[in-house]
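K.L.:
Structure below; questions to follow.
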Amino acid sequence: MAGNGTILVTGGAGFIGANLTAMLLEAGARQVVVLDLLTYAGSLSNLAGLLDDERLHFHQVDVNDRDAVDTILAGHRPNGVIHLAAETHVDRSIDDPEPFIRTNINGTCSMLQSCRRYLRDCDASHRDRFRFVHVSTDEVYGSVDGDAACNEAAPFAPNSPYAASKAAADHMVRAFNRTYRFPAIITRSANNFGPFQFPEKLIPLILLNCLEGRDLPVYGDGGQVRDWLYVDDHCRGLVLALEDGRPGEEYNLGAGN
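Numbering follows my numbering, in which position 104 of the sequence shown is assigned residue number 104; successive positions increment by one, without gaps.
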């Protein structure tokens with residue numbers, strides 16, 4: 001599908017989205033349609049090397065704008081959607097949870113509804129091929145002791161408004177699959193790092209502070225364990241989920257680092 005289809009990427013001007021967009025174009029996608037509101041973490045500069053590609057179509061759109069999303073779906077007729085658009089920073093969610101509720105929960109529900117309406121007007125073969133990949137996070141599982149790893153059946157225990165908003169979105173995606181037989185897949189990844197990451201995230205923050213001779217932040221007692229996943233590896237996992245994932249399934253993506 002990624003090699004010859006039309007893929008819509010929400011949040012495609014953000015950190016993971018821009019890397020994914022580049023990968024899809026390199027894989028030979030017929031079209032990559034990017035939706036991004038260009039809030040603080042999304043920037044056209046992340047797509048600077050790709051904007052001249054005639055296969056890339058960019059729309060500055062809020063995922064909550066159902067009329068605009070409906071028009072884009074009808075115009076481009078994607079074979080699949082990879083839903084990355086989200087507010088993602090834990091500290092910002094603690095300062096103000098409401099943008100996380102609006103984008104992560106309401107925005108996901110709005111995208112699901114728009115895609116359901118879109119599929120009603122598609123022929124049976126197109127509906128059978130279509131996939132909606134919802135990109136979530138391992139934060140929904142909460143804290144994990146020691147070197148333990150969460151499998152897909154682990155209970156949710158979100159510890160921040162960000163994690164709670166993503167957990168709620170996951171439940172909504174699952175409910176659409178079970179209730180409407182909507183062809184949705186959920187992925188949850190470990191902590192990402194790589195090009196275009198916003199500088200407030202841990203690895204770029206530590207590196208920038210080192211370069212500028214500033215103190216390094218320590219969270220909690222400093223003893224927490226994190227799994228780190230290079231963004232290109234995450235993107236490869238998303239493409240695999242899109243092409244080979246089974247609707248209704250949930251896939252955790254990690255590197256064991």
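Yeah, the Cβ is synthetic: ideal placement off N, Cα and C, and Gly gets one too. Being a predicted model, the structure only gives us computed values, none of them experimental.
What's the call for Y219, buried or exposed, on a 16-neighbour Cβ count within 10 Å?
P.N.:
Translated into the one-based positions of the sequence shown, residue 219 becomes position 219. Per the 10 Å Cβ criterion, exposed.
K.L.:
Just mark Q60 as buried or exposed, buried being the case when its beta carbon has 16 or more other beta carbons within 10 Å.
P.N.:
Numbered from its first residue, the sequence shown carries residue 60 at position 60. Exposed.
K.L.:
For D244 and F193, what's the separation of their Cα atoms in angstroms?
P.N.:
Here residue 244 refers to the residue found at position 244 of the sequence shown. Here residue 193 refers to the residue found at position 193 of the sequence shown. In a straight line, the C-alpha of D244 is about 25 angstroms away from that of F193.
K.L.:
Does the stretch 62-77 come close enough to the stretch 30-43 to have 3 or more Cβ pairs within less than 8 angstroms?
P.N.:
Contact between the stretch 62-77 and the stretch 30-43 is present, because at least three Cβ pairs lie under 8 angstroms.
K.L.:
Taking E87 and Y162 to be in contact with their CB atoms under 8 angstroms, please state how far apart those CB atoms are, rounded to whole angstroms.
P.N.:
Counted from its first residue, the sequence shown places residue 87 at position 87. Counted from its first residue, the sequence shown places residue 162 at position 162. Rounded, the Cβ-Cβ distance is 7 angstroms, consistent with contact.
K.L.:
Going by DSSP, what residue range makes up the alpha helix (DSSP H) through F15?
P.N.:
Here the question's residue 15 lines up with position 15 in the sequence shown. Element bounds for F15: F15 to E26.
K.L.:
Pull up the CB-CB distance for T187 and L253, whole angstroms please, since I reckon it's below 8 angstroms.
P.N.:
One-based indexing of the sequence shown puts residue 187 at position 187. One-based indexing of the sequence shown puts residue 253 at position 253. The Cβ separation is near 6 angstroms, so the contact holds.
K.L.:
Using beta-carbon positions only, say whether F58 and S165 come within less than 9 angstroms of one another.
P.N.:
Within the sequence shown, numbered from 1, the residue matching residue 58 stands at position 58. Within the sequence shown, numbered from 1, the residue matching residue 165 stands at position 165. Going by C-beta atoms, F58 is not nearer than 9 angstroms to S165.
K.L.:
Short of 7 angstroms in beta carbon distance, which residues of its chain neighbour P158, apart from the five on each side in sequence? Order them along the chain.
P.N.:
Position 158 of the sequence shown, counting from 1, holds the residue named residue 158. Excluding sequence neighbours, P158 sits near E139, V140, G142, A164 and A167.
K.L.:
Could you check the C-alpha separation between R174 and V63 for me, to the nearest Å?
P.N.:
In the sequence shown, counting from the first residue as 1, residue 174 sits at position 174. In the sequence shown, counting from the first residue as 1, residue 63 sits at position 63. If I take the Cα positions, the gap works out to 19 angstroms.
K.L.:
How close, in whole Å, do the beta carbons of L50 and A22 come, if the pair is a contact with beta carbons under 8 angstroms?
P.N.:
As a working note, residue 50 is residue 50 in the sequence shown. As a working note, residue 22 is residue 22 in the sequence shown. About 6 angstroms separates the two Cβ atoms, so the contact holds.
K.L.:
Which residue from D123, I105, A153 and D121 puts its Cα closest to that of H134?
P.N.:
Position 134 of the sequence shown holds residue 134. For the residues D123, I105, A153 and D121, the minimum Cα distance to H134 belongs to I105.
K.L.:
Could you name the residues of the same chain whose beta carbon sits closer than 7 angstroms to that of C109, not counting the 5 residues immediately before and after it, in chain order?
P.N.:
As a first step, residue 109 must be located in the sequence shown, where it is residue number 109. The answer, listed in chain order, is M172.
K.L.:
Which partner residues does Q31 have in the DSSP bridge list?
P.N.:
On the sequence shown, position 31 is the one that residue 31 refers to. Per DSSP, T6.
K.L.:
Pull up the DSSP beta-bridge partners for G262, would you.
P.N.:
Within the shown structure, residues of the chain are numbered from 1 to 257, placing residue 262 beyond reach of any answer.
K.L.:
On the DSSP letters alone, give me the boundaries of the alpha helix (DSSP H) that N209 sits inside.
P.N.:
Start at 1 with the first residue of the sequence shown, and residue 209 comes out as number 209. L202 to L211 is the span of the alpha helix (DSSP H), which, as asked, contains N209.
K.L.:
Which first and last residues belong to the alpha helix (DSSP H) in which L51 is found?
P.N.:
Within the sequence shown, the letter at position 51 stands for residue 51. Counting along the chain, L51 falls outside any alpha helix (DSSP H), and DSSP gives it neither H nor E.
K.L.:
If I measure Cβ to Cβ from G5 and keep anything under 7 angstroms in the same chain, skipping five residues before and after, which residues do I get?
P.N.:
The residue given as residue 5 occupies position 5 in the sequence shown. So the qualifying residues of the chain are A29, R30, N79 and G80.
K.L.:
Relative to the C-alpha of D67, which candidate in S114, G42 and L25 has its C-alpha closest?
P.N.:
Against the sequence shown, residue 67 aligns to sequence position 67. Of S114, G42 and L25, the residue nearest in Cα terms is S114.
K.L.:
So what does DSSP say about F193, is it helix, strand or coil?
P.N.:
Position 193 of the sequence shown holds residue 193. Strand at F193.
K.L.:
Within the stretch 107-191, note down every full alpha helix (DSSP H) run reaching 4 residues or more, in order along the chain.
P.N.:
Here the runs fully enclosed are 107-120, 124-129 and 161-180.
K.L.:
Could you pull the DSSP bridge partners for F58 from this structure?
P.N.:
The residue given as residue 58 occupies position 58 in the sequence shown. According to DSSP, F58 bridges with V34.
K.L.:
Within its chain, find whatever has a CB closer than 7 angstroms to the CB of N177; leave out the 5 residues flanking it on each side and keep chain order.
P.N.:
As a working mapping, residue 177 is identified with position 177 in the sequence shown. Answer for N177: A184, P247 and G248, listed in chain order.
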